[in-house]
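Undergrad:
Residue numbers (this note's numbering): 15 to 51.
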């Protein structure tokens with residue numbers, strides 16, 4: 015199965031966004047537990 019360049023970029027982009035959002039959420043949780051967020 016061959017994916018086009020656009021499909022690859024879209025897939026990669028969504029993975030990056032998911033990772034970014036997960037990291038952001040984790041940071042917010044840490045601030046919340048420390049009581050300064």
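Ideal Cβ placement from N, Cα and C applies to all residues, glycine included.
Could you check the C-alpha separation between residue 22 and residue 29 for me, to the nearest Å?
TA: Roughly 11 angstroms separates the two Cα atoms.
Undergrad: Quick check: what's the CA-CA separation for residue 34 versus residue 44?
TA: Distance between the alpha carbons of residue 34 and residue 44: 15 angstroms.
Undergrad: What is the DSSP secondary structure of residue 49, reduced to helix, strand or coil?
TA: It is coil, neither helix nor strand.
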